[in-house]
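>
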Amino acid sequence: MARWEPNARERLASSALDLFAERGYEGTTAAEIAARAGLAKSTFFRHFADKREVLFAGQDLIGEAFAAAMRACPPSATPRELLHAALAAAAFAFGDERRAWVVRRQAVIDDNTELRERELLKRASLTAALESALRERGLGERLAALAAEVGSLAFRGAFARWIAPSNARGYAELAREELDALASAAASLG
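Numbering (the numbering used here), first residue to last: 559 to 748.
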């Protein structure tokens, strides 16, 4: 096999999803993924720590995007405005060109208990990233925690709507709607 191949990471991810669909997540090895991609097993491990990371790689970038977007907001920004900026910044991960891959990825996760647990841990880390960025902006502990949870709910709701088969709208628009609906619902608590 060649020492260097273009688009190795993308080829590995595509091969992994194909194999997960054919054999199931548990029935697929990293070596098989690499072979399907026409790459060496060592190349797989240069790009991913394990086969789970094929499905979860890059989520740290979303947390970083949340924080960067909030830092870029004016000092007068409200918690809701900060969350709008953060959620809009995550749209880089949810472009139309990635939708088919993300839908297939989610199907693999939904079909495996271990992967669903891993997804919950990743969601918790994204919520923690939101909370940390909100606290960095000067929000108190309770308000930052509450806002982060609401932001996380909006993120998840927008994601679910974005991958729905009937959806033709962009993630950022859906995230804005989800956050506004949650803010309205929270206001009705009295």
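Glycine included, C-beta positions come from ideal geometry on N, C-alpha and C.
Drop a sphere of 10 angstroms on the beta-carbon of Val-661, count the other beta-carbons inside from all chains shown, and report buried for 16 or more, exposed for fewer.
Answer is exposed; the Cβ neighbour count stays below 16.
> Does the distance from the C-beta atom of Leu-688 to that of Ala-716 stay below 7 angstroms?
Going by C-beta atoms, Leu-688 is not nearer than 7 angstroms to Ala-716.
> Can you say whether Ser-724 is buried or exposed, counting buried as having 16 or more other CB atoms within 10 angstroms of its CB?
Exposed is the call here.
> I need the straight-line Cα distance from Ala-598 to Glu-655, nearest angstrom please.
Near 27 angstroms, if we compare the C-alpha coordinates of Glu-655 and Ala-598.
> Mark Met-559 as exposed unless 16 or more other C-beta atoms lie within 10 angstroms of its C-beta, in which case mark it buried.
Residue confidence is low: Met-559 scores 47 on pLDDT, short of 50, so the model does not pin down where it sits. Its coordinate-derived value is still stated next. The residue in question, Met-559, is exposed, as its Cβ has fewer than 16 Cβ neighbours within 10 Å.
> Along the chain, where does the alpha helix (DSSP H) containing Thr-685 start, and where does it finish?
Start and end: 671 to 694.
> Just verifying my parser: in three-state terms, what is the DSSP assignment at Asp-608?
In this structure, Asp-608 counts as coil in the three-state DSSP scheme.
> Contact defined as beta carbons within less than 8 angstroms: I believe Trp-627 pairs with Ala-644. What is the distance between those atoms, to the nearest angstrom?
With the sequence shown as reference, residue 627 is identified as Ala, and Trp is not the correct amino acid for it. Contact flag correct, Cβ pair sits at about 5 angstroms.
> CA-CA distance, Phe-713 and Glu-736?
Rounded to whole angstroms, Phe-713 to Glu-736 spans 8 angstroms at the Cα level.
> Got a sec, what are the start and stop residues for the alpha helix (DSSP H) Glu-590 sits in?
Element bounds for Glu-590: 588 to 595.
> Under 7 angstroms between the Cβ atoms of Arg-623 and Ala-646?
According to the sequence displayed, residue 623 carries Ala and not Arg. No; because the gap between Cβ atoms is not below 7 angstroms, this pair is not in contact.
> Going by beta carbon distance, what residues of the same chain come within less than 6 angstroms of Gln-617, once the five residues before and after it are set aside?
Cβ within range, chain order: Lys-680.
> Regarding Gln-617 and the ligand ZN, is the C-beta to nearest heavy atom distance less than 6 angstroms?
Looking for the ligand ZN in the displayed structure turns up nothing, as the structure carries no ligands at all.
> In three-state terms, what does DSSP make of Tyr-583?
Three-state result, Tyr-583: coil.
> Can you tell me whether Ala-574 is buried or exposed? The criterion is at least 16 other CB atoms within 10 Å of its CB, across all chains shown.
Buried.
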